[in-house]
Amino acid sequence: MTDRDLLNKLHDQPFQPFRLKLSNNSSMDVLDPNTVVVGPTSAIMPVESVVGEHGYYIVNRWRTVALSHMVEFIDIDPPKPASKKKRAS
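Here the UniProt record's numbering is used: the first residue of the sequence shown is 1, the next is one more, and so on.
What follows is the structure, encoded as structure tokens:
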């Protein structure tokens with residue numbers, strides 16, 4: 001995969017969250033395009049992120065992945081917000 005392939009996917013309008021399949025059969029989910037930093041031969045990818053109090057993704061852990069190990073994009077549904085359970089009265 002090239003840096004252009006990854007950048008094109010990150011800049012799709014509207015953005016569609018995707019799973020990035022790697023050459024070792026592992027995968028990484030990309031839920032927000034702003035959490036990925038793309039370089040000429042590698043990308044910094046989010047491993048663990050949370051939605052902060054202002055509604056933005058905050059990346060707690062990340063991994064640098066060589067573009068040559070990126071194999072496939074698989075579109076996924078965005079995560080659903082946690083629903084608040086109503087208590088019976």
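Backbone N, C-alpha and C define an ideal beta-carbon position, used for all residues, glycine too. Just so you know, these numbers come straight off a predicted model, no measurement behind them.
- Closest in C-alpha terms to Ala43, from the list Ser26, Leu10, Arg4, Leu67, comes Leu67.
- In the structure shown, Asn24 falls within a coil segment according to DSSP collapsed to helix, strand and coil.
- When the five nearest sequence neighbours on each side are left out, the beta carbons in the same chain lying within less than 8 Å of the beta carbon of Met1 are those of Leu67, Ser68, Met70, Val71, in order along the chain.
- Per DSSP, the unbroken beta strand (DSSP E) holding Asn60 starts and ends at 57 to 66.
- The C-beta distance from Pro78 to Leu10 rounds to 15 Å, too long to fall under 8 Å, and the pair is not in contact.
- Beta-bridge partners assigned by DSSP to Phe15: none are found.
- Comparing C-alpha distances from Asn8 to each of Val65, Val38, Asn24, Glu48 shows the shortest one belongs to Val38.
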